[in-house]
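For the sequence shown, position 151 (counting from the first letter as 1) is numbered 151 according to the numbering used here, and the numbering increases by one without interruption. Beta carbons: idealized from backbone N, C-alpha and C, even for Gly. Since this is a predicted model, take the numbers as computed values, not measurements. Shown next, in structure tokens, is the structure this report addresses.
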Amino acid sequence: MSTKVLVAFATRYSSTQEVAEAVAASLQESGGAVDLQLLREVRTLAGYSAPVMGAPLFMLRWHKDALGFLSRHREGLMERSVAVFALGPVHEPYDEQKRKDSRAQLDRELARFIWFKPIAIEMFGGKYDPALLRFPISTLAGKGPASDLGNRKAIRGWASDLSRKLEPSEPRLSESG
Ligand SMILES: Cc1cc2nc3c(=O)[nH]c(=O)nc-3n(C[C@H](O)[C@H](O)[C@H](O)COP(=O)(O)O)c2cc1C
């Protein structure tokens with residue numbers, strides 16, 4: 001039976017891709033076989049023991065590709081140990097209350113999928129660059145300064161805890177996608 005891990009992500013401005021790559025690298029270093037894919041391109045979970053899904057929050061919502069992934073792969077996800085991360089808070093200096101606010105947004109989104117019981121959920125700091133925003137989002141988002149709350153150490157620490165949780169990582173019921 002395969003013990004391959006799938007790290008699947010959605011991104012708009014690439015910071016979630018950077019985090020997904022760091023998570024995948026860390027899981028690989030722990031000895032696992034890992035594939036990295038865009039959430040919207042995942043056709044089946046067959047062959048994967050443990051999906052890790054990551055996506056950013058925008059305008060109080062989780063990225064639509066994450067919500068679409070949960071709807072499309074309900075059966076496969078129910079059979080597997082799934083880990084979730086999201087990117088959100090971008091306010092510098094780091095503010096614990098802002099992190100909790102972002103986490104509450106994520107929890108509200110996940111609560112719509114009552115069957116979904118991830119084994120790990122984490123909120124990482126995001127990246128914000130007003131120069132990348134296009135109209136009308138540039139107007140709606142205001143003129144805050146660029147920021148980067150990405151924390152490599154926290155990301156690698158989470159991935160390393162996760163690799164321990166995923167051992168032995170096998171589909172709970174079947175290999176069906
Ligand atoms: C227009 C806009 C809206 C955002 N809305 C939220 C939000 O509602 N909640 C939150 O926690 N983060 C929000 N963020 C922060 C993003 O989640 C953060 O910038 C993240 O790193 C973006 O990920 P990406 O680079 O992979 O696209 C917002 C960012 C932008 C640019």
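- Between Ala46 and Gly76, the alpha-carbon positions lie close to 8 angstroms from each other.
- Looking at the DSSP output, Met123 sits in a beta bridge with Ala86.
- In the DSSP assignment, Lys4 falls within the beta strand (DSSP E) that extends over 4 to 9.
- The shortest C-alpha to C-alpha distance from Arg103 to any of Trp115, Ile121, Tyr94 is the one to Ile121.
- By the 16-neighbour rule on beta-carbons within 10 angstroms, Leu132 is exposed.
- Looking at the DSSP output, Asp95 sits in no beta bridge, so it has no partner there.
- Burial state of Asp65 is buried, judged by a 10 Å Cβ sphere holding 16 or more other Cβ atoms.
- Counting only runs that start and end inside the segment 3 to 82, the alpha helix (DSSP H) elements of at least 4 residues fall at 15 to 29, 64 to 72, 74 to 78.
- Taking all protein chains shown into account, Thr139 has fewer than 16 neighbouring C-beta atoms within 10 Å of its C-beta and is therefore exposed.
- Comparing alpha-carbon positions, the option among Lys4, Arg74, Arg12 lying closest to Ala33 turns out to be Lys4.
- Spanning the alpha carbons of Gly157 and Gln97 requires a straight line of approximately 22 angstroms.
- Residues of the same chain with a CB within less than 7 angstroms of the CB of His63, apart from the 5 flanking positions on each side, are Ala10, Ala55, Pro56 in chain order.
- Distance check between Asp148 and each of Leu110, Leu6, Glu92 places Glu92 closest, using alpha-carbon atoms only.
- For the set Ala111, Phe85, Ile119, the Cα lying nearest the Cα of Arg99 is the one of Phe85.
- Contact between Val7 and Val52 holds: CB atoms are separated by about 5 angstroms, below the 8 angstroms threshold.
- Ala24 is classed as buried because its beta carbon has at least 16 other beta carbons within 10 Å across all chains shown.
- Cβ-Cβ separation between Gly125 and Tyr94: approximately 7 angstroms, consistent with a contact (criterion under 8 angstroms).
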